[in-house]
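Heads up: the structure comes next, in structure tokens.
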Amino acid sequence: MDAARNPAPADDPAKDNAPDYADLDPFTVEAAGHSFDFYPHGRDRLKALIDLIGSAQTSLKVFYYLFDSDTAGTAVRDALVEAAQRGVAVELMVDDFGNDAGEEFFEPLTQAGGSFAIFSPRLTRRYLVRNHQKIAIADDTRVMTGGANVSDHYFAIPADNGWG
-18 MDAARNPAPA DDPAKDNAPD YADLDPFTVE AAGHSFDFYP HGRDRLKALI DLIGSAQTSL
42 KVFYYLFDSD TAGTAVRDAL VEAAQRGVAV ELMVDDFGND AGEEFFEPLT QAGGSFAIFS
102 PRLTRRYLVR NHQKIAIADD TRVMTGGANV SDHYFAIPAD NGWG
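If you number the sequence shown the way our numbering does, the last residue is 145 and the count never jumps.
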């Protein structure tokens, strides 16, 4: 990406940590009557996920390969708990191989009436056959998907997360 054409905003911490780094602002593409929103910057992706969860009225079906108990993971879990408390049917499934948070981390969700399940048990003969899905479906009409798991480093700037 050409940093001269797409400079980081003055208030962007990425500018201090990686002067040549810049993400695009979120943008939308319309196609065939559908709207596709893109969130190149990690902090925008996290906000979009929490906003999607917060806007759900009837159901949330959420599947992730990695779900950590860090700041981002706690924020997403807490948003799911709040959704369940307001009567949204919340279903969360996490791959056992990528679930370093532990099942007890998700107890607030089940206590609020949501459901939590592990898929693809970690220690089987096929333990390396993983499904790396990352998808959140709200009200069976709106979907967020992409390459980001629920973990701080997926929502950080590349200089901080080792991806840059």
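A virtual CB, placed ideally from N, CA and C, is assigned to each residue, including glycine.
Do you know offhand how far residue i's Cα is from residue j's?
i, j, result
"residue 8", "residue 25", "11 Å"
"residue 132", "residue 54", "6 Å"
"residue 127", "residue 116", "7 Å"
"residue 18", "residue 10", "6 Å"
"residue 59", "residue 88", "11 Å"
"residue 62", "residue 16", "28 Å"
"residue 85", "residue 91", "10 Å"
"residue 95", "residue 71", "5 Å"
"residue 118", "residue 46", "15 Å"
"residue 99", "residue 35", "23 Å"
"residue 12", "residue 123", "15 Å"
"residue 52", "residue 27", "11 Å"
With 16 other CB atoms within 10 Å as the buried threshold, where does residue i fall?
i, result
"residue 5", "exposed"
"residue 137", "buried"
"residue 32", "exposed"
"residue 129", "buried"
"residue -9", "Bear in mind that a pLDDT of 43 at residue -9, under 50, signals an unreliable position, so the model cannot answer this."
Thinking C-alpha only, which one of the options is nearest residue i?
i, options, result
"residue 44", "125, 134, 135 and 10", "125"
"residue 135", "23, 122, 49 and 50", "23"
Tell me which same chain residues have a C-beta within less than 6 Å of the C-beta of residue i, skipping the five on either side of it?
i, result
"residue 39", "120"
"residue 29", "20"
"residue 97", "73, 87, 90 and 91"
"residue 57", "131"
"residue 50", "82 and 86"
Is residue j closer than 8 Å to residue i when the C-beta atoms are compared?
i, j, result
"residue 64", "residue 82", "no"
"residue 41", "residue 75", "no"
"residue 148", "residue 93", "Because residue 148 is not part of the residues shown, which for the chain are -18 to 145, the question remains open."
Might you give, ordered along the chain, the residues of its own chain that have their beta carbon closer than 7 Å to the beta carbon of residue i, omitting 5 neighbours on each side?
i, result
"residue 80", "48 and 99"
Closer than 8 Å by C-beta to residue i: which residues in its own chain qualify, once you throw out the five before and the five after it? Chain order, please.
i, result
"residue 14", "none"
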